[in-house]
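*Asks:*
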Amino acid sequence: MSKIFAFMAVCVIVLSMTACNSKNTITNPYTQEYVAGQGNIQGNVNVDYFIEQDIRFDIGADKDGVAVFKNPEEAYQALLENCSSGIALIKKEFGLSDISQKNYNEYKAYGRQVSTGSEEERKEANFVSGFFDIYENSFS
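Here the sequence shown stands for residues -17 to 122, numbered as in the working numbering.
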C-alpha cells in the first residue's frame, strides 16, 4: 500500500512541475509579413521601432492579419534581457510575482502605469506593456 501511495505522490509532483513549467502553445503563428494598410493587416504597429530595440522583436502577422512576433519565444527572451530594469520596477511597484509566460497580463496592465524609478526604467516598463500587446496575439 505504501509503495502505491509513494508512486502516486511522485506522479502528482511530476505532473504539477510539468504544468507549472510548461510554455504557452502558439495558436496564431506568423504566416505573413506585417505591412500596415496592406491586405488583411489589422492595426498600425511600428515594426521598425521594435526591430530597433532588438532584431528578435521582429514582427509579422498571423493568418488574420494580426501583429505577432515571428518567433515569440526569442522575443520573450529578448524582453527579459533588454528590459530587466523595467520588469523589476513593475514587479516592485505593484507587488507582483516574478514575470513568466503564464502571468504576463499583470505586467502588460501595469507597465504603462509605473510612477517611480528612473526615466530609463519607466521607458522599459512602458515597452513591456507594448511588447505584451503583441506577444499575447500568438496565444489567443
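Beta carbons are placed, not taken as given, at the ideal position from N, Cα and C, and that holds for glycine.
Computed from a predicted structure; not experimentally measured.
What does the Cβ neighbour count give for Y31, buried or exposed, with the cut at 16 atoms within 10 Å?
*Replies:* Exposed is the call here.
*Asks:* What three-state label does DSSP hand Q20 in the structure shown?
*Replies:* In this structure, Q20 counts as coil in the three-state DSSP scheme.
*Asks:* Give me the residue from E101, P11 and V48 with the minimum Cα distance to G21.
*Replies:* Among E101, P11 and V48, the Cα nearest to that of G21 belongs to V48.
*Asks:* In this structure, how does DSSP classify V29 when only helix, strand and coil are distinguished?
*Replies:* Helix.
*Asks:* Beta-carbon within less than 6 Å of Q24's beta-carbon, same chain only, minus the 5 sequence neighbours each way: which residues are those?
*Replies:* For Q24, where only same-chain residues beyond five positions count, the Cβ hits under 6 Å are G47 and V48.
*Asks:* Leaving out five residues on either side along the sequence, give the residues of the same chain with a beta carbon under 7 Å from the beta carbon of V17.
*Replies:* Answer for V17: I23, listed in chain order.
*Asks:* Excluding five sequence neighbours on each side, which residues of the same chain lie with their C-beta closer than 7 Å to the C-beta of S4?
*Replies:* Because S4 sits at a pLDDT of 49, beneath the cut-off of 50, its placement in the model cannot be relied upon, and the following sentence gives the value as read from the coordinates. Contacts found: none.
*Asks:* Where E102 and A70 are concerned, what is the direct C-alpha to C-alpha distance, given to the nearest angstrom?
*Replies:* C-alpha separation (whole angstroms): 12 Å.
*Asks:* I need the boundaries of the alpha helix (DSSP H) containing I72, first residue and last residue.
*Replies:* Segment S66 to F76, the alpha helix (DSSP H) holding I72.
*Asks:* When you compare only the Cα positions, how much space is there between D44 and N6?
*Replies:* Their Cα atoms are separated by approximately 16 Å.
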